[in-house]
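Undergrad: In the working numbering, the protein residues as written are 1 to 106.
Structure below; questions to follow.
Set out below in structure tokens:
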């Protein structure tokens with residue numbers, strides 16, 4: 001009988017495929033509503049992100065709705081605990097809200 005126990009570690013694979021987005025412009029949404037856009041230059045297993053030429057889009061303080069204001073942050077490190085969405089900028093387009101049209105008809 002062996003007294004030592006063998007530990008096997010099964011590492012979970014990340015569902016994010018950030019390697020495909022390296023050196024491309026990505027849009028990042030954070031907890032609390034902050035939205036950022038920049039070139040993905042690095043990341044780690046905890047989804048800490050490094051964005052180059054980062055821009056933060058300012059929201060209205062009272063309504064939390066997006067405004068047309070932004071500020072340049074330059075090189076930024078975003079903590080993975082705050083990241084809720086990472087999406088490539090290329091191929092993303094705004095579409096009309098189908099539910100708004102349905103409400104107007106009633």
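The C-beta atom is built at its ideal place from N, Cα and C for all residues, glycine as well.
Taking the alpha carbon of residue 82 as the point to measure from, which residue in 25, 30, 45 has its own alpha carbon closest?
TA: Per the Cα distances, 30.
Undergrad: Whose CA, out of 45, 75, 96, lies closest to the CA of residue 51?
TA: It is 75.
Undergrad: As a quick exercise: from 77, 55, 80, pick the residue whose alpha carbon is nearest that of residue 68.
TA: The candidate whose alpha carbon is nearest that of residue 68 is 55.
Undergrad: Roughly how many angstroms lie between the CA atoms of residue 38 and residue 97, to the nearest whole one?
TA: Roughly 26 Å separates the two Cα atoms.
Undergrad: I'd like to confirm something about residue 21: is its beta-carbon nearer than 6 Å to some heavy atom of the ligand SAM, or not?
TA: For the ligand SAM, the structure offers nothing, since it holds no ligand at all.
Undergrad: In terms of residue numbering, what span does the beta strand (DSSP E) encompassing residue 78 cover?
TA: Taken as a continuous stretch (DSSP letters only), the beta strand (DSSP E) holding residue 78 covers 66-78.
Undergrad: Pull up the DSSP beta-bridge partners for residue 29, would you.
TA: Bridge partners of residue 29: 35, 85.
Undergrad: Within the same chain, show all residues whose beta-carbon is closer than 6 Å to that of residue 46, passing over the 5 residues directly before and after it, in chain order.
TA: 80, listed in sequence order.
Undergrad: CB-CB under 7 Å to residue 84, same chain, minus the five flanking residues each way: which ones, in chain order?
TA: Counting only Cβ-Cβ distances below 7 Å, and skipping sequence neighbours, we find 29, 30, 31.
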